[in-house]
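Everything on this sheet refers to the single structure shown next.
Protein chains: 2
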Amino acid sequence: MSDQLKLPSRTTDFSEWYNQVVQRADLADYAPVRGCMIVKPYGWGLWENIQAALDKRFKATGHVNAGFPLLIPQSFITREAKHIEGFAPELAVVTHGGGQELEEPLVVRPTSETIIGHTYAKWVQSYRDLPILINLWNSVVRWEMRTRLFLRTMEFWWQEGHTAHATYEEAEAETRQMLRVYTDFAENEAAVPVIPGRKSEAERFPGADMTYSIEAMMGDTKALQAGTSHNLGQNFAKSFEIKYLDKNNEQQFCWTTSWGLSTRFIGAIIMVHGDDQGLILPPKLAPHQIVMVPIYKNDAEKGPVLEAVDRAQKQLVAHDFRVKVDMREDLTPGFKFNEWEMRGVPLRIEIGPKDVAKGTVALARRDKPGKEGKSFVSQDGLEGIIAEALADLHASLYDRALAFRKANTYDPKDYTEFKQVMEKGWAFSWWCGDRTCETQIKDETKATTRCIPLEQPGGEGVCVHCGQPAKEKAIFGRAY
Amino acid sequence: MSDQLKLPSRTTDFSEWYNQVVQRADLADYAPVRGCMIVKPYGWGLWENIQAALDKRFKATGHVNAGFPLLIPQSFITREAKHIEGFAPELAVVTHGGGQELEEPLVVRPTSETIIGHTYAKWVQSYRDLPILINLWNSVVRWEMRTRLFLRTMEFWWQEGHTAHATYEEAEAETRQMLRVYTDFAENEAAVPVIPGRKSEAERFPGADMTYSIEAMMGDTKALQAGTSHNLGQNFAKSFEIKYLDKNNEQQFCWTTSWGLSTRFIGAIIMVHGDDQGLILPPKLAPHQIVMVPIYKNDAEKGPVLEAVDRAQKQLVAHDFRVKVDMREDLTPGFKFNEWEMRGVPLRIEIGPKDVAKGTVALARRDKPGKEGKSFVSQDGLEGIIAEALADLHASLYDRALAFRKANTYDPKDYTEFKQVMEKGWAFSWWCGDRTCETQIKDETKATTRCIPLEQPGGEGVCVHCGQPAKEKAIFGRAY
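Taken in sequence, the protein lines are chains R and P.
Take the first sequence: its position 412, counting from 1, is numbered 449 in the numbering used here, and each next residue is one higher.
Take the second sequence: its position 354, counting from 1, is numbered 391 in the numbering used here, and each next residue is one higher.
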């Protein structure tokens with residue numbers, strides 16, 4: 038990290054800003070296979086915290102984890118008509134194994150609905166075996182030509198939940214529950230405000246009866262789908278014969294769901310919170326919540342400063358804060374400040390000889406540049422001050438992102454204004470729900486329906502595009 | 038789990054006993070692709086606890102996790118001569134992606150030394166970039182024809198640590214350190230006694246200068262290699278040009294290591310601790326440490342019993358025990374006892390009307406059958422009694438396994454006796470270290486050198502096979 042050149046500004050070149058932040062914050066690197074990604078330890082630490090925050094919520098809602106194979110018989114993919122249509126062009130195919138050509142090629146899983154369908158059909162016999170509530174943490178491969186680290190890579194890491202139920206109502210309740218889990222995670226862990234809603238028919242997962250998503254606005258006002266939850270109806274149950282004997286001893290098909298959130302979410306965190314100095318990580322997920330930088334000019338100063346640093350570190354670690362102490366000898370404090378700003382550590386503590394004398398530390402907030410974010414606080418009770426600062430920082434990040442989204446979400450009065458709006462943000466507009474209408478909007482503006490928010494204003498209106506009666510408003514925007 | 042037939046006895050058919058336990062304890066299932074495995078939630082819960090216990094130790098010794106791709110250019114595998122020799126026959130090859138034939142085929146990683154080598158070569162420039170201490174949690178694919186759940190499967194889950202150092206001494210210290218970490222984990226978490234030692238040259242990892250392993254004796258006296266740690270010397274550093282500028286500004290090759298422990302370890306847990314009633318799980322890793330079974334005949338009894346069960350559960354969960362309450366209505370207590378015995382839950386608590394009246398619970402230990410393992414204990418201070426029972430159970434499992442290993446490890450006086458010993462256990466014998474001698478022993482007895490234990494008796498002897506002078510004793514045995 039000897040490179041301390043300025044980043045491109047977010048306002049002039051958001052895309053290049055993003056690419057540079059990912060690499061210079063040491064989150065990820067390009068792999069030798071085009072389109073694949075190496076998640077570096079700092080990025081993986083962030084992902085581990087995301088995993089822990091989600092896993093806790095999955096378990097609290099009755100789910101358990103399991104391990105499913107990454108190789109799937111190619112024929113499985115073809116068994117659900119819409120599924121094959123959606124995934125066939127993206128498959129990585131294993132044709133040789135152990136030095137022999139295979140009789141039937143295998144695919145590297147692009148997602149696991151098919152092998153889950155095959156397996157649940159074996160596991161489920163009776164209503165007593167239901168529901169099945171399983172989640173998988175793994176990686177999947179989808180052949181992609183235009184890739185960007187975290188946002189779109191050939192292999193990505195994610196979780197995929199797969200559940201089977203006796204009734205439609207249960208499956209729908211599960212689908213909605215997981216959407217709420219994602220919303221709660223995004224807002225309360227990542228400080229990313231999201232809009233939970235239904236996807237339009239055109240934007241559904243291949244093989245789903247209904248797809249729900251959470252949509253977030255990035256720093257360039259584009260939309261990013263940050264998590265999805267699918268009610269698969271009986272589609273996969275029928276393709277794979279997932280059947281159960283009900284209480285009346287009659288054969289019924291199951292109702293299944295699937296839901297996923299991926300390393301793509303890291304892209305959302307970067308693009309929602311980052312600034313021209315680099316990354317800003319939400320405190321609850323940051324690998325290091327606090328970086329401590331000792332400041333001294335000579336050996337006489339060094340001893341007492343390091344003692345105070347050591348004491349403060351122990352104090353904070355004892356209260357379960359994630360603390361990094363930057364002890365590197367050959368770098369100036371200023372260089373270290375810049376580096377940890379680039380890497381988005383929420384709080385910085387500096388301790389120098391004057392702080393030792395006064396029993397204070399200098400505390401700097403990553404989200405407020407310069408003097409505004411800096412204060413001198415007592416070493417006594419430091420843990421309380423830090424807890425408050427982190428909570429306040431989380432709230433500030435959330436509020437700022439929400440204000441930004443509101444400021445850039447419009448209610449255009451007609452289609453002419455709608456088209457102008459699509460150059461600079463989102464529209465929340467009445468929409469007739471018609472697929473043709475949606476396609477025309479997309480062709481004319483590059484914008485898609487992001488979702489039909491669960492929260493609606495009520496009443497009725499006319500479609501912003503075709504003028505037909507409309508019962509719901511949709512979010513429109515250009516998307517990643 | 039309605040099937041409550043007896044298992045085959047371990048003494049008459051250990052292999053079939055193993056296969057049935059894996060499935061009837063609900064640990065794993067066969068996948069549609071031959072040789073692949075589905076790890077079911079109960080087995081995955083065990084693996085999650087193994088992961089947590091190891092991950093804690095990796096982080097305490099300065100390692101961080103990262104994510105590396107599962108697709109590797111085929112040409113990478115050929116760059117280290119011994120590595121390709123070892124892995125070429127086992128590769129799964131992706132030849133098509135996104136509907137096109139690929140210019141260069143990709144392999145699904147059989148292990149990641151090559152892509153790590155390629156990447157570290159990019160990341161390491163100067164001695165300041167060293168050491169790199171990275172671990173990966175993932176799955177790997179090695180084409181296998183004869184597979185058994187957990188023990189040998191085409192895909193398995195594991196961790197692979199990959200480190201790079203400036204000197205041989207540092208790399209060797211790392212290799213040995215991770216062997217100690219595995220030993221500590223095996224003995225203090227899984228209650229599996231192991232012998233840490235060096236592998237013979239013939240048994241080394243393809244591409245390693247030195248391989249260390251921990252070896253455990255299974256319930257049929259066969260050996261299982263339960264974890265390995267490799268000093269890769271400069272082999273991969275030279276093949277992939279992992280070089281650094283030292284303090285004198287001179288180019289040097291790095292020294293690298295790798296080390297791994299896999300889902301195979303679950304096989305060891307099953308085969309070391311299980312008995313004719315099924316699995317016995319070590320308390321520190323068991324998904325459920327305690328199962329509670331309420332016992333009542335009618336509604337009048339049910340209310341107070343369930344109240345007492347609820348109270349005891351909360352009491353134990355508050356003290357961080359992992360408790361499962363079996364509330365199923367349509368099954369008898371006896372059926373439930375059998376099922377949880379099959380699944381190896383260390384402790385069972387029964388609460389019936391008499392217990393409610395007396396303020397007691399019945400406590401049954403999985404490792405001691407019938408009355409011997411059963412006691413009636415007070416509900417007051419139950420958490421202390423449980424903590425003690427779990428600690429004692431861990432120690433008993435360990436002691437029993439160690440006594441079994443000692444009772445089945447021999448010091449044969451000559452090669453004739455050695456051959457007899459190989460029918461029934463291990464030999465700890467003087468060995469000349471010669472590869473030809475080792476091959477002959479293998480051909481004649483099906484036994485291999487398991488390891489040359491780090492702990493040696495001292496002195497010298499003569500090789501049990503060839504009679505030549507020998508400086509060290511080796512463990513010989515038939516292996517999984």
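The C-beta atom is built at its ideal place from N, Cα and C for all residues, glycine as well.
Given the structure is predicted, the values throughout are model-derived calculations rather than measurements.
Spatial neighbours of Met247 of chain P in its own chain (CB-CB distance under 6 angstroms, excluding positions within 5 residues in sequence) are listed in chain order as Asn268.
Looking at R:Leu298, R:Ser412 and R:Phe290, the one whose alpha-carbon comes closest to that of Trp84 of chain R is R:Leu298. At a cut-off of 7 angstroms between beta-carbon atoms, Val101 of chain R makes contact with chain P. The alpha helix (DSSP H) runs of length 4 or more contained entirely in the region 184-238 of chain P are, from start to end of the chain, 205-225. Here Met254 of chain P is bridged, per DSSP, to P:Ala260. By the Cβ test, the region 112-124 of chain P is not in contact with the region 70-82 of chain P, since fewer than three Cβ pairs between them sit closer than 8 angstroms.
Here DSSP, grouped into helix, strand and coil, assigns Glu387 of chain R to strand.
C-alpha of Asp313 of chain R to C-alpha of Pro383 of chain R: approximately 15 angstroms in a straight line.
When the beta-carbon positions are compared, Thr148 of chain P and Val177 of chain P come within less than 7 angstroms of each other. Contact check for Val130 of chain R against His133 of chain P passes: the beta carbons are separated by less than 7 angstroms. Close partners of Ile306 of chain P in chain R (Cβ separation under 9 angstroms) are lacking, with about 16 angstroms as the shortest Cβ gap. Within the DSSP secondary-structure output, Asp66 of chain R pairs in a beta bridge with R:Ile75. Phe242 of chain P carries a coil assignment under DSSP once its states are collapsed to helix, strand and coil. Contact between the region 200-211 of chain P and the region 471-491 of chain P is absent, with fewer than three C-beta pairs closer than 8 angstroms. The Cβ-Cβ distance between His120 of chain P and Gly244 of chain P falls below 7 angstroms.
Excluding residues up to 5 positions away in sequence, Thr446, Asp448, Lys510 and Ile512 lie with their Cβ nearer than 7 angstroms to the Cβ of Phe465 of chain P in the same chain.
Taken through DSSP and simplified to helix, strand or coil, Lys280 of chain R comes out as strand.
Counting other Cβ atoms within 10 Å of its Cβ, Thr200 of chain P reaches 16 or more and is therefore classed as buried. Nearest to Pro126 of chain R by C-alpha distance, out of P:Phe124, P:Thr49, P:Gly135 and P:Gly123, is P:Gly135. Taken in chain order, the whole beta strand (DSSP E) runs of length 3 or more contained in the region 368-415 of chain R are 384-388, 397-402 and 411-415.
Separation of Ala158 of chain P and Arg165 of chain P (C-alpha to C-alpha, rounded to the nearest whole angstrom) is 14 angstroms. Trp292 of chain P: member of the beta strand (DSSP E) spanning Trp292 to Ser299, first to last residue. Ranked by how close their Cα comes to the Cα of Gln416 of chain P, the residues P:Glu122, P:Phe372 and P:Asp347 have P:Asp347 in first place. Within 8 angstroms of the CB of Val130 of chain P, the CB atoms of chain R belong to Val131, Thr132, His133 and Gly134, in sequence order along the chain. Taking a contact as a CB-CB distance under 8 angstroms, the pair Ser266 of chain P and Trp296 of chain P counts as one, their CB atoms being some 4 angstroms apart. In terms of Cβ geometry, Gly198 of chain R and Asn172 of chain R form a close pair [threshold 7 angstroms]. Neighbours of Met364 of chain P in chain R, taken as residues whose beta carbon is under 7 angstroms from its own, are absent, since the nearest beta carbon is some 13 angstroms off.
Take the alpha-carbon of Leu368 of chain R and the one of Asn335 of chain R: they are about 14 angstroms apart.
In its chain, beyond the 5 residues on either side, Ala65 and Leu186 have a beta carbon closer than 6 angstroms to the beta carbon of Val59 of chain R. Think of a sphere of 8 angstroms around the beta carbon of Glu192 of chain P: the chain R residues whose beta carbon falls inside it are Pro106, Leu107 and Leu108, in chain order. Among the bridge pairs identified by DSSP, Trp463 of chain R is matched with R:Thr446. Its chain contains Gly154, His155 and Ala158 as the residues whose beta carbon lies nearer than 6 angstroms to that of Phe277 of chain P, once the 5 sequence neighbours on both sides are disregarded; these appear in chain order. Interface annotation, Lys93 of chain R: not in contact with chain P, CB-CB separation never under 7 angstroms. Here the alpha carbons of Ala507 of chain R and Val360 of chain R stand approximately 53 angstroms from one another.
Per DSSP, His356 of chain R lies in no alpha helix (DSSP H) and is assigned neither H nor E. Flagged as an interface residue toward chain R: Val70 of chain P, by a C-beta distance shorter than 7 angstroms.
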